[in-house]
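Novice: Chains as they are written, first to last, in full-length UniProt numbering: chain A, 1 to 286; chain B, 1 to 286.
All C-beta atoms in this analysis are idealised placements derived from N, C-alpha and C, irrespective of residue type, glycine included.
1. Just the Cα atoms here: how many angstroms apart are residue 276 of chain A and residue 261 of chain B?
2. Kindly indicate which residue of A:90, A:193, A:187 and A:232 has the alpha-carbon position closest to the one of residue 220 of chain A.
3. Under 7 angstroms between beta-carbons, which chain B residues line up against residue 254 of chain A? List them in chain order, please.
4. I'd like to know if residue 75 of chain B contacts chain A, where contact means its C-beta is closer than 8 angstroms to some C-beta of that chain.
5. Can you name the residues of chain A whose CB is closer than 7 angstroms to the CB of residue 190 of chain B?
6. Could you name each continuous alpha helix (DSSP H) segment of 4 residues or more that falls completely within the UniProt domain "Acyl-CoA thioesterase-like C-terminal" (158-281) of chain B, going from the start of the chain to the end?
7. Nearest-angstrom Cα distance between residue 190 of chain A and residue 192 of chain B?
8. Using a C-beta to C-beta distance shorter than 8 angstroms, which residues of chain B count as neighbours of residue 98 of chain A?
9. Pick helix, strand or coil for residue 94 of chain B, following the three-state DSSP scheme.
10. Given a limit of 8 angstroms on CB to CB distance, which residues of the region 85-109 of chain B reach chain A?
11. DSSP on residue 16 of chain B, reduced to helix/strand/coil?
12. Span of the beta strand (DSSP E) holding residue 59 of chain B?
13. Just the Cα atoms here: how many angstroms apart are residue 104 of chain A and residue 225 of chain A?
14. Should the region 51-65 of chain A be called in touch with the region 194-212 of chain A, which here means at least 3 C-beta pairs below 8 angstroms?
15. Near residue 74 of chain A, which residues of its chain fall below 6 angstroms by C-beta distance, leaving aside the five closest residues on each side in sequence?
16. So the candidates are A:19, A:269, A:18 and A:278; which of them puts its Cα closest to the Cα of residue 145 of chain A?
17. Thinking just about the alpha-carbon of each residue, which of B:13, B:255, B:177 and B:273 is nearest to the one in residue 135 of chain A?
18. With a threshold of 8 angstroms between beta-carbons, can residue 123 of chain A be considered close to chain B, or not?
19. Just the Cα atoms here: how many angstroms apart are residue 78 of chain A and residue 230 of chain A?
20. Does any C-beta atom of chain A lie closer than 8 angstroms to the C-beta of residue 119 of chain B?
21. Of all the options A:195, A:114 and A:76, which has the alpha carbon lying nearest to the alpha carbon of residue 267 of chain A?
22. Applying a beta-carbon distance threshold of less than 7 angstroms, which residues of chain B neighbour residue 10 of chain A?
23. Quick check on this structure: which residue in A:20, A:237 and A:14 has the alpha carbon closest to the alpha carbon of residue 128 of chain A?
24. Report the rounded CA-to-CA distance for residue 241 of chain A versus residue 252 of chain B, giving the unit in angstroms.
25. Cutting at 6 angstroms between CB atoms, please list the residues of its own chain near residue 209 of chain B, excluding the five before and the five after it.
26. Closest to residue 90 of chain B by CA distance: which of B:83, B:100 and B:82 is it?
27. Along chain A, which residues have their Cβ under 8 angstroms away from the Cβ of residue 258 of chain B?
28. List, in order along the chain, the chain B residues whose C-beta lies closer than 7 angstroms to that of residue 261 of chain A?
29. As an exercise, report each continuous beta strand (DSSP E) stretch of at least 3 residues that is fully enclosed by the region 22-52 of chain B, in chain order.
30. For residue 180 of chain A and residue 163 of chain A, I'd like the C-alpha separation in whole angstroms.
31. Just to confirm my understanding: we take residue 94 of chain B, look at its own chain, exclude 5 residues before and 5 after, and list those with CB closer than 6 angstroms. What are they?
32. Going by CA-CA distance only, name the one from B:211, B:199 and B:239 that's closest to residue 18 of chain B.
33. So for residue 2 of chain B, helix, strand or coil by DSSP?
Okay, here's the thing in structure tokens:
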């Protein structure tokens with residue numbers, strides 16, 4: 001069998017992939033879901049915030065009558081760790097075209113008490129029911145072809161911040177936003193990359209929640225180092241993504257007072273803007 | 001007394017103004033606040049979403065140990081009306097520099113049952129404790145001087161969408177984003193204005209929650225008409241605003257599938273970016 005055909009045959013698909021298995025929640029009772037948070041989505045020992053949002057998003061999709069997160073707002077309370085967790089969901093309102101829910105993810109302290117990690121409000125709808133109409137003229141980010149972008153495997157030494165999650169992502173950074181990895185940050189609050197799952201699973205609304213929080217922090221290109229913990233992250237999923245790699249562009253306009261925002265846009269291979277997000281994060285001004 | 005001195009003497013101040021009186025909540029019990037929603041902040045019979053967010057923001061400021069909303073995310077469930085309402089708050093987590101809370105605003109149906117209007121998650125801090133550091137080079141929006149911008153009183157006929165709230169705002173629109181009022185929308189998703197309270201009360205973090213949702217919808221400049229109801233609105237308050245009028249710039253990049261986002265930036269007279277917001281709203285594609 002030619003290599004290309006072999007690669008296609010073993011490619012993971014939506015519903016049967018590591019991302020699907022690692023975000024799967026088990027309903028223990030109505031509105032109560034168990035999950036073992038995977039160590040595979042950690043970055044510098046913290047569980048990635050986008051992966052956690054996808055876990056909460058799956059529990060809400062099971063709870064609410066609509067399948068897709070149109071807008072989901074997460075406030076990150078305490079750092080999550082790989083291991084057992086429970087998600088508790090609540091239906092806030094159900095409507096014809098939109099329903100709203102709330103969810104919290106908890107882990108356990110040494111005495112077995114639940115400690116809340118993240119609380120989420122979200123409004124769900126059905127993306128397949130939306131008209132195909134696009135009225136704006138926004139264009140995809142200018143980013144070189146995939147084979148001219150660079151990932152951790154291309155670096156002479158491991159790229160700072162790489163961790164378990166890097167093995168599960170197809171992440172190829174625009175060389176124009178890679179200065180930080182070479183010790184020469186551009187000073188601009190920009191980060192751009194091609195994004196996919198390493199096993200070839202195509203994107204869906206749930207994996208878009210991961211895509212918006214998977215690039216290195218724009219703070220690196222602004223000359224800062226170290227962890228940039230998310231305080232709040234809101235994602236708008238605007239359209240079902242077409243198959244193939246996504247382009248993700250992140251912009252920061254305001255690094256001030258020890259905080260910064262990160263605005264992400266995600267574009268699919270059909271040149272549709274499929275998701276937008278904004279997060280408020282803490283920066284260490286050193 | 002010269003007219004200018006008279007105007008200064010009667011100018012409202014933070015804490016003693018119509019905005020303060022109309023957002024004041026009365027604590028009935030811990031975490032339970034009563035308010036009579038004012039008819040003064042309505043637009044086409046709907047109570048303005050930014051005014052409602054300020055009401056919720058005040059209740060949370062009373063509940064949480066920190067005074068200022070750093071990031072507040074609201075999901076709008078049902079339309080609010082002038083009249084009695086109750087706000088219920090909950091402390092989710094308290095930390096040294098940030099605390100997180102939740103709040104809901106309810107009104108009453110014909111049988112006196114509570115109907116939830118809005119649910120909010122917010123993380124509060126103390127803006128006065130933040131370092132003065134600004135690392136980015138974002139610049140204020142290009143907008144002509146205040147006396148070259150236009151408000152409802154300048155229009156030959158009432159500007160579409162004007163209502164009670166117009167009397168309480170000092171809102172002067174950039175002529176470049178005023179085409180819709182003259183029947184010639186620009187086709188660009190932009191709206192810019194000088195913003196203040198009509199009684200001269202200066203801005204504070206609470207009134208910034210109003211400022212981000214007080215301009216005409218960008219959808220008007222994209223050629224759409226009618227109401228553009230907010231599904232979700234998240235505001236980041238980044239700095240205490242300096243006295244004087246604010247500049248508000250709103251941008252829409254993606255009007256598609258019957259929804260659009262509105263990104264707002266609010267700049268103060270010291271040229272500091274004091275707030276950023278993003279909302280997801282429904283658009284009627286006709």
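Specialist: The short version:
1. Counting from one through the first chain, the residue named residue 276 of chain A turns up at place 276. Counting from one through the second chain, the residue named residue 261 of chain B turns up at place 261. Taking the straight line joining both Cα atoms gives about 9 angstroms.
2. Here residue 220 of chain A refers to the residue found at position 220 of the first chain. The candidate whose alpha carbon is nearest that of residue 220 of chain A is A:187.
3. As a first step, residue 254 of chain A is located in the first chain; it is residue number 254 there, counting from the start. Going along chain B in sequence order, the residues near residue 254 of chain A (Cβ under 7 angstroms) are 136, 138, 238, 273 and 276.
4. Here residue 75 of chain B refers to the residue found at position 75 of the second chain. Yes, because at least one Cβ of chain A sits closer than 8 angstroms to the Cβ of residue 75 of chain B.
5. Residue mapping note: residue 190 of chain B aligns to position 190 of the second chain, counting from 1. Chain order gives no chain A residues near residue 190 of chain B, where near means a beta carbon separation below 7 angstroms; the closest approach is about 11 angstroms.
6. 164-168, 205-211 and 218-221
7. Mapped onto the first chain, residue 190 of chain A falls at position 190. Mapped onto the second chain, residue 192 of chain B falls at position 192. Rounded to the nearest angstrom, the two C-alpha atoms are 25 angstroms apart.
8. Residue numbering aside, residue 98 of chain A sits at position 98 when the first chain is read from its first letter. Within 8 angstroms Cβ-Cβ: 231.
9. As a position in the second chain, residue 94 of chain B is number 94, starting the count at 1. DSSP places residue 94 of chain B in strand when its eight states are reduced to three.
10. 92, 93, 98, 100 and 102
11. Your numbering for residue 16 of chain B matches position 16 in the second chain. Note: residue 16 of chain B maps to strand in three-state DSSP.
12. Translated into the one-based positions of the second chain, residue 59 of chain B becomes position 59. Premise fails: residue 59 of chain B lies in the alpha helix (DSSP H), 49-63, not in any beta strand (DSSP E).
13. As a working mapping, residue 104 of chain A is identified with position 104 in the first chain. As a working mapping, residue 225 of chain A is identified with position 225 in the first chain. One C-alpha to the other measures close to 30 angstroms.
14. yes
15. The count along the first chain starts at 1 and reaches residue 74 of chain A at position 74. Taken in chain order, the residues that qualify are 53, 118, 120 and 233.
16. Numbered from its first residue, the first chain carries residue 145 of chain A at position 145. The residue with the shortest Cα to Cα distance from residue 145 of chain A is A:269.
17. In the first chain, counting from the first residue as 1, residue 135 of chain A sits at position 135. Residue 135 of chain A has its Cα closest to that of B:255, out of B:13, B:255, B:177 and B:273.
18. Residue mapping note: residue 123 of chain A aligns to position 123 of the first chain, counting from 1. Closer than 8 angstroms: yes.
19. As a working mapping, residue 78 of chain A is identified with position 78 in the first chain. As a working mapping, residue 230 of chain A is identified with position 230 in the first chain. Residue 78 of chain A and residue 230 of chain A: Cα-Cα distance of roughly 10 angstroms.
20. Here residue 119 of chain B is taken as the residue at index 119 of the second chain, counted from 1. The C-beta of residue 119 of chain B comes closer than 8 angstroms to at least one C-beta of chain A.
21. Translated into the one-based positions of the first chain, residue 267 of chain A becomes position 267. Here the closest residue by C-alpha is A:195.
22. Reading the first chain from its first residue, position 10 is the one you call residue 10 of chain A. Neighbours of residue 10 of chain A on chain B: none; closest Cβ ~34 angstroms, over 7 angstroms.
23. Stepping through the first chain from its first residue, residue 128 of chain A is reached at position 128. Residue 128 of chain A has its Cα closest to that of A:237, out of A:20, A:237 and A:14.
24. Against the first chain, residue 241 of chain A aligns to sequence position 241. Against the second chain, residue 252 of chain B aligns to sequence position 252. Approximately 20 angstroms, taken between the alpha carbons.
25. Position 209 of the second chain, counting from 1, holds the residue named residue 209 of chain B. 50, 53, 54, 57 and 235.
26. On the second chain, position 90 is the one that residue 90 of chain B refers to. The shortest C-alpha separation from residue 90 of chain B is found at B:100.
27. Indexing the second chain from 1 puts residue 258 of chain B at position 258. Here the neighbours are 130, 131 and 133.
28. Counted from its first residue, the first chain places residue 261 of chain A at position 261. Residue 261 of chain A reaches chain B at 236 and 276, counting residues in chain order whose Cβ is nearer than 7 angstroms.
29. 26-29 and 32-37
30. Within the first chain, residue 180 of chain A is the residue found at index 180, counting from 1. Within the first chain, residue 163 of chain A is the residue found at index 163, counting from 1. Distance between the alpha carbons of residue 180 of chain A and residue 163 of chain A: 17 angstroms.
31. Here residue 94 of chain B refers to the residue found at position 94 of the second chain. 65.
32. On the second chain, residue 18 of chain B is found 18 positions in, with the first residue counted as 1. Cα-wise, what sits closest to residue 18 of chain B is B:199.
33. As a first step, residue 2 of chain B is located in the second chain; it is residue number 2 there, counting from the start. Below a pLDDT of 50, predicted positions are generally treated as unreliable, and residue 2 of chain B, at 46, falls in that range; the measurement from the model is reported next regardless. In this structure, residue 2 of chain B counts as coil in the three-state DSSP scheme.
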